[in-house]
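Residue numbers (this note's numbering): 19 to 199.
These notes are about the structure you will find just below.
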Amino acid sequence: MSFFSKIKSALSLLKEALLGSEQSFTTGSIDRAIFLLSVPMIVEMGMEALFAIVDVFYVSRLNDTNAIAVIGLTESMLTIIYSIAIGLSMGATAMVARRVGEKDIKAAEVAAVQALFVGLSLSILISIVGGIYADDLLKLMGADEGVIACVLKKSSWPKQSQIVLYHLLILSTDSRQCSTE
């Protein structure tokens, strides 16, 4: 296979991963399946990074160094939280997809509900820990008192939105897998 054929094949596979299609991953190349299943997570994390860059760009126009520090610290913590949520979501996807592939829709529903409860529990735990230890976490990250006061004043919305975030991620992946039935 020539170099250009390999490039064309890779681009075709990337297009297929981005557009999505109904297929069985129980047969065929495991490398192909891993690639097709991982591209959505990679794109999602890339979009989160892009969001952070755009956020910093617009906040930097305020000429407030504390505001820029707030964005940096908040985005750093949110990236960790998003990664946990996306990992949980991928696990839920695997469980639901396996049950759907086995044609056991009842077990797929049970797996989806369990994933929602795990997501709810984890998001509540993260919100509580984040609320109680926010200033300690910020000090650990190197923030000074002015930045900590600014973060605590301006970032309560992201802490309270964890529950919605976790469930949106889990529901989107569960519904993606159920739609291949």
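Heads up, the beta-carbon is just placed ideally off N, CA and C, and yes, glycines get one too.
Predicted model, so just to flag it, every value in this text is computed and none were measured.
Around V57, the same chain offers A35 as residues with beta carbons nearer than 6 Å, after the five sequence neighbours per side are excluded. Assigned with DSSP and collapsed to three states, Y100 falls in helix. In this structure, the CA atom of S47 is about 51 Å from the CA atom of L80. Contact between A130 and V114 holds, with the beta-carbon distance rounding to 5 Å and staying under 8 Å. Excluding residues up to 5 positions away in sequence, L31 lie with their Cβ nearer than 8 Å to the Cβ of R50 in the same chain. Beta-carbon to beta-carbon, S78 and I86 are separated by about 6 Å, close enough to satisfy the 8 Å threshold. Cβ-Cβ separation between L106 and G137: approximately 6 Å, consistent with a contact (criterion under 8 Å).
Check the Cα spacing between V165 and each of V88, K26 and R116: the tightest is with V88. DSSP places Y76 within a helical segment (H, G or I) once states are collapsed to three. Looking only at I71, S145, A133 and M108, the smallest Cα-Cα distance to I52 is reached by M108.
Sequence-distant Cβ neighbours of A161 in its own chain, meaning closer than 8 Å and more than five residues away, are A87, L91 and V169. Taking a contact as a CB-CB distance under 8 Å, the pair E62 and T97 does not count as one, their CB atoms being some 12 Å apart. For D153, the secondary structure class from DSSP, reduced to helix, strand or coil, is helix. DSSP places A28 inside the alpha helix (DSSP H), whose first and last residues are F21 to L37. The Cβ neighbour count for A133, taken over all protein chains shown within 10 Å, is at least 16; the residue is labelled buried. Rounded to the nearest angstrom, the Cβ distance from T44 to G149 is 44 Å, too far for a contact under 8 Å. Sequence-distant partners of N84 (beyond 5 residues in either direction) whose C-beta falls short of 7 Å from its own C-beta, in its chain, are G164, V165 and C168.
The DSSP-derived three-state label of A161 is coil.
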